[in-house]
Amino acid sequence: MFCLFHTQVAQFCFNLEKNLVDRTNTHRKSRRIHDEH
């Protein structure tokens with residue numbers, strides 16, 4: 013039971029970090045497009 017819980021927490025943290033990275037990359041991309049114009 014504890015192992016399952018730990019795995020879910022790890023998965024949640026991983027997704028959270030991935031979302032943060034994706035958002036940062038998207039922000040950089042949009043800024044780059046903005047700078048080119």
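Taking my numbering, I'd label the letters of the sequence shown as residues 13 to 49. Cβ atoms here follow ideal geometry from the backbone N, Cα and C, with glycine treated the same way.
Distance, residue j Cα to residue i Cα
{"i": "L32", "j": "C25", "result": "11 Å"}
{"i": "R43", "j": "E29", "result": "21 Å"}
{"i": "T36", "j": "T19", "result": "26 Å"}
{"i": "D47", "j": "L16", "result": "46 Å"}
{"i": "Q23", "j": "I45", "result": "33 Å"}
{"i": "H39", "j": "V21", "result": "27 Å"}
{"i": "N27", "j": "D34", "result": "10 Å"}
Residue i CB to nearest heavy atom of the ligand ADP below 7 Å
{"i": "T36", "result": "This structure does not include the ligand ADP; it has no bound ligands of any sort."}
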